[in-house]
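Visitor:
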Amino acid sequence: MPFFDTINYQPTYSPARLKWDVEKQSRRKGAPFTGSARFQVLPPSLFERPENIWLEVGSGSGSFFAAMSALYPDRFLIAMERCKLRGQRLERKVAKTARPNLVGFRGNAIPALVHGVPSGRLERIYILYPCPWPKNAQRKNRWYLHPMMPHLVRALQPGGLLLWASDQKFYIDEARWICENVYGLQVLVHGEVSPNPYNDLERFSGGRSKFERSFLESGQPCYELVARLSDQSTNKSGNGSTPGCAS
Ligand SMILES: C[S@@+](CC[C@H](N)C(=O)[O-])C[C@H]1O[C@@H](n2cnc3c(N)ncnc32)[C@H](O)[C@@H]1O
Numbered sequence: 001m002p003f004f005d006t007i008n009y010q011p012t013y014s015p016a017r018l019k020w021d022v023e024k025q026s027r028r029k030g031a032p033f034t035g036s037a038r039f040q041v042l043p044p045s046l047f048e049r050p051e052n053i054w055l056e057v058g059s060g061s062g063s064f065f066a067a068m069s070a071l072y073p074d075r076f077l078i079a080m081e082r083c084k085l086r087g088q089r090l091e092r093k094v095a096k097t098a099r100p101n102l103v104g105f106r107g108n109a110i111p112a113l114v115h116g117v118p119s120g121r122l123e124r125i126y127i128l129y130p131c132p133w134p135k136n137a138q139r140k141n142r143w144y145l146h147p148m149m150p151h152l153v154r155a156l157q158p159g160g161l162l163l164w165a166s167d168q169k170f171y172i173d174e175a176r177w178i179c180e181n182v183y184g185l186q187v188l189v190h191g192e193v194s195p196n197p198y199n200d201l202e203r204f205s206g207g208r209s210k211f212e213r214s215f216l217e218s219g220q221p222c223y224e225l226v227a228r229l230s231d232q233s234t235n236k237s238g239n240g241s242t243p244g245c246a247s
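Numbering (the working numbering), first residue to last: 1 to 247.
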């Protein structure tokens, strides 16, 4: 048998391992630096706007939010992409789209969110087709195990939504476990991607984003999770509060 056949990186959903990860890892690592002006990436004035704000983390070249900004003119949309090439395309697309309710930043969403997004300010956060970090040893990079996760929750306004999609079922199953068991979020949608009141899929032919389109086109099933922060959450508009977790 060739050597590569003996290595199986096919990740599996494991609540026991997730529980261990959550107990052993410091989820609050990023919290003490919240609000530090040195790391302020997004202009603070963005968050003084009256509209409800939606953020896309890892937006690629921004086709999804460019379309969504036309569908939701009463929301303010912020797309962030770290990769140089895709980030440049994003900035060009946003300029070409020329919509007053859309901005795109080429940059790292981690410091932008940790240091620059006030608590309780975002109505929606989209994470579409993130790198799944399939090797066991890399799992701390998955967004739901990353030190950014408490900040994703902190940034949501009461009743706000965290919307995930992936071609990896294990990723969405694990994200669900963490959202429910660690952060006390309510799961509204979990399963294979299909039209529902939260995902706007019916308004996009073939898929919402570039990755979704290419997965669906090739017959690869895609999965999604929509998790909601309770209306009673103590997340308040402001800055720098400690992330609110259920445990
Ligand atoms: C697999 S692509 C998906 C792109 C797009 N969401 C789609 O569905 O077509 C994941 C993207 O996340 C971006 N990304 C990863 N980490 C990031 C970070 N810390 N800040 C901003 N973007 C990031 C990557 O550069 C990459 O473009």
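Positions of the beta carbon are idealized from the N, C-alpha and C atoms, including for glycine.
Taking DSSP's pairing of strands, which residues face Arg124 in a bridge?
Guide: Trp54, Leu161
Visitor: Per DSSP, which one or two residues make a beta bridge with Gln186?
Guide: Arg228
Visitor: Would the C-beta of Ile110 count as close to ligand 1, meaning under 7 Å from any of its heavy atoms?
Guide: yes
Visitor: Would you identify the three-state DSSP class for Leu42, choosing helix, strand or coil?
Guide: coil
Visitor: So who's on the other strand from Arg106, going by DSSP bridges?
Guide: In DSSP, Arg106 forms a bridge with Glu81.
Visitor: Rounded to whole angstroms, what's the CA-CA distance from Gly87 to Ile172? Just pull it up for me.
Guide: 25 Å
Visitor: Return helix, strand or coil for Gly87, following the three-state DSSP convention.
Guide: helix
Visitor: Grouping DSSP H, G and I as helix and E and B as strand, with all else coil, what is Pro195?
Guide: coil
Visitor: Please report how far the alpha carbon of Val187 lies from the alpha carbon of Leu18, in whole angstroms.
Guide: The alpha-carbon separation between Val187 and Leu18 amounts to approximately 18 Å.
Visitor: Which of the three DSSP states, helix, strand or coil, is assigned to Ser218?
Guide: coil
Visitor: Quick one: what's got a C-beta closer than 8 Å to Gln10's C-beta in the same chain, skipping five residues either side?
Guide: Pro134
Visitor: Let me know the secondary structure DSSP gives Phe76 once reduced to three states.
Guide: Looking at Phe76 - three-state DSSP - the assignment turns out to be strand.
Visitor: Going straight from the alpha carbon of Leu85 to that of Asn181, what length do you get?
Guide: 37 Å
Visitor: Contact check, Val153 vs Tyr198 under 8 Å by CB: the rounded distance?
Guide: Wrong, their Cβ atoms sit about 18 Å apart, outside the cutoff.
Visitor: For a test of the three-state rule: what should DSSP assign to Thr34, helix, strand or coil?
Guide: Residue placement at Thr34 is flagged as unreliable, the pLDDT there being 49, under the threshold of 50; a coordinate-derived value is accordingly withheld.
Visitor: Reducing DSSP to helix, strand and coil, say where Tyr223 ends up.
Guide: strand
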